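Taking our numbering, I'd label the letters of the sequence shown as residues 858 to 1201.
No residue lacks a Cβ here, since even glycine has one placed at the ideal position from N, Cα and C.
Computed from a predicted structure; not experimentally measured.
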Amino acid sequence: MSDLRRSDAGGNTGVGRIKSNLGVALLVGAILASASACGGNASASAAKSSSQAGTGSNSGSSASASPSPTRPPGPPMLLNTITPLTGASVGVAMPISVVFTNPVASSARATIERHLKLSTSAPVNGAWHWFSSTRVDWRPEKHWPSGTKVTLNAALDGVSDGNGRYGTHSYQHSFTVGADVEATVSVPGHSMKVYRDGSLVRTMPIDAGSPSFPSWDGTMAVIDKQSEVRMTSCSVGITCDKSNPNFYDLTLPWDVHLTNSGTYIHYSTGDPYPGHSYGSHGCVHLSLSDAKWFYNYVKQGDPVTITGSPRGKAAGDNGYADFNLSWSQWLADSAAGQQTTGTA
858 MSDLRRSDAG GNTGVGRIKS NLGVALLVGA ILASASACGG NASASAAKSS
908 SQAGTGSNSG SSASASPSPT RPPGPPMLLN TITPLTGASV GVAMPISVVF
958 TNPVASSARA TIERHLKLST SAPVNGAWHW FSSTRVDWRP EKHWPSGTKV
1008 TLNAALDGVS DGNGRYGTHS YQHSFTVGAD VEATVSVPGH SMKVYRDGSL
1058 VRTMPIDAGS PSFPSWDGTM AVIDKQSEVR MTSCSVGITC DKSNPNFYDL
1108 TLPWDVHLTN SGTYIHYSTG DPYPGHSYGS HGCVHLSLSD AKWFYNYVKQ
1158 GDPVTITGSP RGKAAGDNGY ADFNLSWSQW LADSAAGQQT TGTA
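Structure (C-alpha cells):
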C-alpha cells in the first residue's frame, strides 16, 4: 500500500491528501479523483481507488476440467471494490459504490444494474448512475431515512460485461443507515453548524479556502477519517524546495476526509484560532478542541454542505459527492432507470 498525500500551500496551513491503491477488496472503497487538493486549483475528475484495505479481490477463472455448461467461456469479470463495508453503520448521504476491475460496455450496463439487486427495510426510491465504465453508484433520490437496513445482492455469476468477461460469483453486502448527522459550512460566515435529526448540536468557528485556493462548494459525504495525516507541499506539486517559502511538511490531527482531491476538515497548527479569515488552501479548519469533537462525532456517509465559495460544486465522483447531481442529472447516466427497492 502507498499513500500520495496532498496538502495546503503556505507555511503552516493544513490540507488534504489523495489515497491510492489502498485496497482492491470487495469490502470497502472510496473513489479517487485526480488533480486538485487543498493545495491546488485543478478540477477533479473520475478515477478509481479505495479508501480502506480489505481482503484481496476474487481472481479465480471460470475455466475448469469440467466447466459448468451454464457459464459462458471467457475471462472473469472482477469487482475491485464494493462500498460501504458490510456490517457498517453509515450516514444518510452514503451511496453504494461498485467499482469493476475492467470496463463495462454501455450495452451491458442495464443488465448489470438489474443484477445489482437492492432490498431495504422500507421501500426507497433511487437509481444506479455510471460515473465511468468502471464505477457505478446507487443513491436514493433524497437522503436515506435514518435506521434503514440495506442489502445489496450482486448476483453477477454468468453475467457479461459486454467486453468478453463474465461474472463468476455473487456478492452480498448489508449495512445500516445510522443517525441523521449533517454539517453545514458557511465560508463567508466563517462558521460551521452540526445537526442531529434536524436539531442544532454545535456551532463552531471555521476558516476555509482563500480566493486563490477556494474550497469546494456543495454536499460531500464523509469518505473516512484519520487521527493524523501527513501533508506536504511536494506531494501536490507546489514546491519540493525546502528553501521556498511555500514549502511545508506537516502532520496534522483530527482529519475528516471530504474529497479524494484532498479536501479535509481538520485542525491546522498554522491557523489555530479560526473564525476570522481565509486560513487554508481549500480545507476547512477548526480549532483543536472542535476538530477533535467533530472527528469523534461524524461517520462515513454523513453529509457536509459547504456554501459561499467561488469554486463551484465538487464533481459527484470526487469521493462521495453524489448528491451534488440533481435527480435528473443522476438519471441521465442510469442504464435501467429509477427503481423502488424491495423490502427485506
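**OP:** Measure the C-alpha to C-alpha separation of Ala1036 and His986 and round it to an integer number of angstroms.
**Re:** 25 Å
Subject >> First and last residue of the uninterrupted alpha helix (DSSP H) at Leu1188 >> reply: 1184 to 1189
**OP:** Answer with buried or exposed for Leu1057, where buried requires no fewer than 16 other C-beta atoms within 10 angstroms of its C-beta.
**Re:** exposed
Original post:
From Thr1120 to Pro930, what distance separates their C-alpha atoms?
Top reply: 44 Å
Original post:
First and last residue of the beta strand (DSSP E) that includes Asp1112?
Top reply: 1106 to 1114
Subject >> Where the alpha helix (DSSP H) through Ala1148 begins and ends >> reply: 1145 to 1154
**OP:** Determine the burial state of Gln1157: buried for a count of at least 16 other Cβ atoms within 10 Å of its Cβ, exposed for fewer.
**Re:** buried
Subject >> Distance, Ala979 Cα to Gly1004 Cα >> reply: 10 Å
Subject >> Sequence-distant residues of the same chain with beta carbon closer than 8 Å to Ala922, five excluded per side >> reply: For Ala922, the pLDDT reaches just 45, beneath the cut-off of 50, and the residue's location in the model is therefore unreliable, although a value from the coordinates is still provided. So no residue of the chain qualifies.
Original post:
DSSP state of Ala1053, grouped into three classes?
Top reply: Note on identity: in this sequence residue 1053 is Arg, with Ala being the wrong assignment. In this structure, Arg1053 counts as strand in the three-state DSSP scheme.
Subject >> Cβ-Cβ distance between Ser1067 and Ser1166 below 7 Å >> reply: no
Subject >> N- and C-terminal bounds of the alpha helix (DSSP H) containing His972 >> reply: 966 to 972
Subject >> beta strand (DSSP E) segment containing Gln1083, residue limits >> reply: 1081 to 1089
Original post:
Looking at the structure shown, is Asn1101 part of a helix, part of a strand, or coil, going by DSSP?
Top reply: coil
Original post:
Looking at Phe1180 and Ala840, is the spacing between their C-beta atoms short of 7 Å?
Top reply: Given a span of 858 to 1201 for the chain in the structure shown, any question on residue 840 remains unanswerable.
Subject >> Stretch pair the segment 968 to 982 + the segment 1174 to 1193: three plus CB contacts closer than 8 Å >> reply: yes
Subject >> His1123 beta carbon less than 7 Å from that of Asp833 >> reply: This structure does not reach residue 833, given that the chain is present from 858 up to 1201, and the question cannot be answered.
**OP:** Could I get the ranges of all uninterrupted beta strand (DSSP E) runs contained in the segment 1008 to 1078, with 3 residues as the minimum, in chain order?
**Re:** 1027 to 1034, 1038 to 1043, 1048 to 1053, 1056 to 1062, 1075 to 1078
**OP:** Consult DSSP for Phe1180 and reduce its assignment to one of helix, strand or coil.
**Re:** helix
Subject >> Supposed contact pair Pro933 and Arg1022 - C-beta distance, whole angstroms, cut 8 Å >> reply: 6 Å
Subject >> Backbone CA spacing between Val981 and Asn1020 [nearest angstrom] >> reply: 32 Å
Original post:
What is the C-beta distance between Ala1109 and Met1077, in whole angstroms, given that I count them as a contact (C-beta under 8 Å)?
Top reply: In the sequence as presented, Ala is not what sits at residue 1109; that position holds Leu. That belief does not hold up - the Cβ atoms of Leu1109 and Met1077 are roughly 19 Å apart, past 8 Å.
**OP:** Work out the CA separation of Thr991 and Ala962 for me, nearest whole Å.
**Re:** 9 Å
Original post:
Under 7 Å between the Cβ atoms of Ala1040 and Thr1116?
Top reply: no
Original post:
Just to confirm, does Tyr1177 get its C-beta within under 6 Å of one of the non-hydrogen atoms of the ligand GTP?
Top reply: What this structure holds is no ligand at all, so the ligand GTP is not there to describe.
**OP:** Look at Asp1159 and Val1079 and say whether their C-beta atoms are less than 7 Å apart.
**Re:** yes
Original post:
How many Å lie between Ala1011 and Asn937 at the Cα?
Top reply: 13 Å
Original post:
To which residues does DSSP link Thr1200 through a beta bridge?
Top reply: Thr977
**OP:** Let me know if Asp994 comes out buried or exposed under the rule of 16 or more other beta-carbons within 10 Å of its beta-carbon.
**Re:** buried
Original post:
Secondary structure at Gln946, three-state DSSP: helix, strand or coil?
Top reply: For the record, residue 946 in the displayed sequence is Ser; it is not Gln. Reduced to three states, the DSSP call for Ser946 is strand.
**OP:** Give the DSSP bridge partners of Trp985, in chain order.
**Re:** Trp995
Original post:
With 16 as the cutoff for other CB atoms within 10 Å, does Asn1175 come out buried or exposed?
Top reply: buried
Subject >> Ser963, DSSP secondary structure in three states >> reply: helix
Subject >> Own chain residues within Cβ distance below 6 Å of Gly1132, not counting five before or after >> reply: His1047, Pro1062
Subject >> Inter-residue spacing [alpha-carbon to alpha-carbon] between Asp1054 and Cys1091 >> reply: 41 Å
**OP:** Leaving out five residues on either side along the sequence, give the residues of the same chain with a beta carbon under 7 Å from the beta carbon of Gly1169.
**Re:** Asp1074
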